[in-house]
Every structure is written in C-alpha cells, then in structure tokens.
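Written out below as structure tokens is the structure these notes cover.
2 protein chains.
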Amino acid sequence: MSAEKIIGVIGGMGPYAGLNLVEKIFDHTLAASDADHLPVALLSYPDRIPDRTAYLLGETETNPAEAISEIALTLDRLGAAAAGMPCNTAHAPRIFNVVAARLRDAGARLRLLNMIEETIRFLKEEHPECTRIGVLSTLGSYRIGLHRRALEAAGLEAVLPDENVQEHIVHRTIYDPSYGLKAQSNPPSKIARQSLLNAIEHLREKGAEAILLGCTELALAIPEAEVEALPIIDPTAVLARALIRETYPDRLKLL
Amino acid sequence: MSAEKIIGVIGGMGPYAGLNLVEKIFDHTLAASDADHLPVALLSYPDRIPDRTAYLLGETETNPAEAISEIALTLDRLGAAAAGMPCNTAHAPRIFNVVAARLRDAGARLRLLNMIEETIRFLKEEHPECTRIGVLSTLGSYRIGLHRRALEAAGLEAVLPDENVQEHIVHRTIYDPSYGLKAQSNPPSKIARQSLLNAIEHLREKGAEAILLGCTELALAIPEAEVEALPIIDPTAVLARALIRETYPDRLKLL
C-alpha cells in the first residue's frame, strides 16, 4: 500500500469536466479487470470555488486559488502523488502560480501537473507539422492571452477568434444560461455544438492547422479527434495521459 | 461551510460504475451553473477491494468489507454526510452488514445508503403495477439470492434466469475477459449488449413485468428506460437520487 500512488482530480470546474478527466484516465489505462485500474480520488466541490473567469476579468476580487489550494492539500493528505485540474482558466498564472506556491509552502508531496504545459508538449510531440494553432477558450483566458502566450513561448503561432466571435459565439457557448455548456452539457445542446463548429470554421479560415479546445467544457460538445481534417486537441485527454505517465507509466495505453 | 453535506461515493467496484453514479448525481441535480452542483467526493481504489463475487462463492476468504470500511471512513473524515457504493454484490449481508457495523463502531456520522433497499422502495413507489420482477445479476448475487430475498421480503416476486442462462450468458456478460463489461465497458461490446437483450427476453418469457439491473455494470450496456415496453430499473440512478434526497432534497430533479 505504501507504494500506491493515488491520482488526484480537483473537480467542480465544472463538475462534468472533472468527471470527464476521470473517465479519460480510465479509458487510457491498460486494464483487463477492475483491479487493474488505477487509484483515483475526485473531489468535486463546485460550491467552494469562485468563478475563474469572473476573477480574471476583475468582476470579483476573490482569487479561486485559495479554495483550489485547500482541495489540493486535501488530496495530498489522502495520499495523492500527482493531481490535475481540468479547467484551463484556472491555469492563468495569477491563479495557478498561487496554488503551486501554497503547495510548496505546505510541503505537499503531491505534484500538480500543468495542463497547458502538457498540452503544448503534446502538440509538439504528436503534431510537429502544425505550427498555427487555433484556440477556443473562455473570455477570461482570451483576454489574458493564456494560451497565446504559452504557444508563443514554445515557438508556435496562436490563431484566435476575432473579438466579436470570441465574445458572442465562443464565450456564450460556454456560459449562456439557456444553451451554454455550463448549464447543459449532458448532452450538450445542438446550438452549442453548431456554434463551436462555426467557430472552428472561422479559425480555419484564419489559417489554423489544428484546434486547441482551451476550455474543458468544449470537449463535451466536440468529442471528435478531427473536424474536417483539422486535428482537435483535447487538453483533458492530454492531462489524463500525463497523470498516468507520472504515476504508473507502464499502464499507459499506446496512442 | 459547516452546513456543507458532501456526497461520498465508494467507487472502484468497478471504476466505470463509480463514475456512472457520480454522473447520475450530477444529472439528477437541479443546477443552472457550476456552483449549483452538489459537493461530491469519489474514491475509486479498485486495487484495494477484493472481488465481491469471489468472496461470496467461497473462492477467497478475504472479506472485501475491510477495504470498503476503510474507504467509507476516509469519506467520513472528508465530511461526507451520506455515501453510496454502486455495486450490488457488495450489498450481500455478509459484506454490507460488516461495513455498517464498522461505521457504527467507529462513530462515523456518514450515513451509508443501501442501494438494494432504495431500489425496492423505488419499485413500489414508481411501478406499483409491477409485482413480478426480473433480475439480472452476477453469479454471486444469484447464488445467495440477494435480490430475490429482498424482493420477497417486500411482497414482490423475483423472476430469475434459468441456471444455465445465468451462468453462461448473464455472468459471462459481466466477467468474460474478452467481451465482458468489466473488461470493456466504454463503449460496451456488441456481444455484451446482445447477450443482455437475450436474457431480458428470457425473463419476459418467464413472466417478468419489469427488469432490475442487479449489477451496476449492466446499465452501461442497457441505458434505456424501457426495453420493448418492459421498464428497466437502474439501481445506480435510484441510488443517485437517494443520495441527493438525503443531503439536498430541494435540489432533486422531478422524475
């Protein structure tokens, strides 16, 4: 038991994205029976975590990093060796770096993986032919250039939606109280899916060679590996694989 | 925070069944945004929990109740007010009663719901016209009469598969190393689904008026509410609703 390495999942951002990460951890594990599956702890406490986008846009001063750190420390006490949070917006440096510092200060053994860094690494390894990467994300991630900066730092070019497409199509697809993915993701509404397909077409016209689904809700509506020959990069799947690699690398399914 | 009632899920029996319970908790919750969803902790430690059927059939002496109790007590320490385990076989009295006693002895505040009792209650409330209930389950549950006894105690009649159908069709659909649901459930194999449809037909011919999916893996292959006008009763969905009712009854979606 002492060698057991639990995989921790900080869920609730949103709830279905947390669930989706756990599902992908199971899907990417080599297992022929129950007992072959890896130990996973999912803490989905959405009521405790303030909205990430609202914080980045200055609509609230409460940094969600506080609540996220508490949950990460609980996972550490449970014995988690590695953890991930399936929420792109929570990887904004003003949030992620605060969580990382808290874990360091508390002497946590848990290693919190960075989903965005893992995604860039995956892009370069698996799709080296793609250098112009289309990005779909929340308005918060868009405004602070979350994915753009990370892509550029890795020598890749970010292809972003025009401001009006971002605000009126992409962001609403996530947040609209009637058809948005945070209100209705199981199953997603047809409007949400069609809006995203339109946004992907918009990015292709602007030169994108691959599409990064830069908000974990988006993969719930676009589960395909490709849309009209454009590779779709799902950071939740990338994070699932990274968590297995960090804990039980010999159990990682080949791609 | 002191009023927060976490819903605990003892997963890993098997992993996808645990995930499926969490998904159903989310699906049956009234929520228009992330923060409206209920706090859920899922501990999926399949490597720690010995096979339930092997214990009931006398193939091993290790009672899985020990490991299950440890996980339940961890959930109690996390602040779970109610918990469920989406595994019918683990509700055999020789397992469930030992877990319940451990929790009592340890002074746990957590209330462990009994999925089988909840399912019988649900049957009587929602399908009072059905008195002959077909049961699909593992061989362990079948041999000890797990569902049969519970149904009879409630004044209902259990319609069970013939012994050869149980052994060669139903049990193999769950445990077969190539096409069984424990080896391959996401998505389930076509053989598994067709075998179950055949077994449902067999139970209908024997007089069943409703089908109780008495193993949580089965709902992964038979997600429908009805098969050829026979109501399909999914104990995982029943347990999800019972957990919401126990913690945040005003957030339970109407059926």
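Residue numbers (the numbering used here), protein chains in the order written: chain A, 1 to 255; chain B, 256 to 510. Every residue gets a Cβ at the ideal spot worked out from N, C-alpha and C, and that includes glycine.
| Query | Result |
| --- | --- |
| Arg-245 of chain A to Leu-252 of chain A span [Cα, whole Å] | 6 angstroms |
| Those runs of the alpha helix (DSSP H) which lie wholly inside the region 411 to 474 of chain B and span at least 4 residues | 426 to 430, 445 to 460 |
| Enclosing alpha helix (DSSP H) for Gly-395 of chain B [first to last residue] | 394 to 398 |
| Any C-beta of chain A under 9 angstroms from that of Leu-391 of chain B | no |
| Minimum Cβ-Cβ distance from Met-256 of chain B to chain A less than 9 angstroms | Residue confidence is low: Met-256 of chain B scores 42 on pLDDT, short of 50, so the model does not pin down where it sits. No coordinate-derived value is stated. |
| Exposure label - Thr-471 of chain B; buried when at least 16 CB within 10 Å | buried |
| Beta-ladder partner(s) of Thr-284 of chain B, from DSSP | B:Leu-507 |
| Beta-carbon proximity list for Ile-49 of chain A, same chain, < 7 angstroms, skipping 5 on both sides | Gly-12, Met-13, Pro-64, Ala-67, Ile-68 |
| Segment limits, beta strand (DSSP E) that includes Arg-48 of chain A | Note, Arg-48 of chain A: premise wrong, no beta strand (DSSP E); not H, not E. |
| Residues near Ser-189 of chain A by beta carbon distance below 6 angstroms, same chain, minus five either side | Tyr-179 |
| Ala-41 of chain A at chain B interface by Cβ criterion, 9 angstroms | yes |
| Proximity test, Cβ basis, 9 angstroms: Gly-11 of chain A and chain B | yes |
| Cross-chain neighbours of Lys-182 of chain A in chain B, by beta carbon under 8 angstroms | Ser-288, Asp-289 |
| Ala-229 of chain A, DSSP secondary structure in three states | coil |
| Residue-level contact to chain A via CB, Ile-261 of chain B, 9 angstroms cutoff | yes |
| Ser-2 of chain A in three-state terms, based on DSSP | In this prediction, Ser-2 of chain A has a pLDDT of 49, which is less than 50 and means its spatial position is unreliable; what the coordinates show is noted afterwards. Three-state result, Ser-2 of chain A: coil. |
| Same chain, Cβ closer than 8 angstroms to Glu-418 of chain B, neighbours up to 5 away in sequence not counted | none |
| Proximity test, Cβ basis, 9 angstroms: Thr-216 of chain A and chain B | no |
| Nearest candidate by alpha-carbon position, reference Val-99 of chain A, set A:Leu-230, A:Gly-145, A:Ala-210, A:Ala-72 | A:Ala-72 |
| Bridge-paired residues (DSSP) for Ile-7 of chain A | A:Val-40, A:Ala-82 |
| Between the CA atoms of Pro-86 of chain A and Ala-92 of chain A - distance to the nearest angstrom | 13 angstroms |
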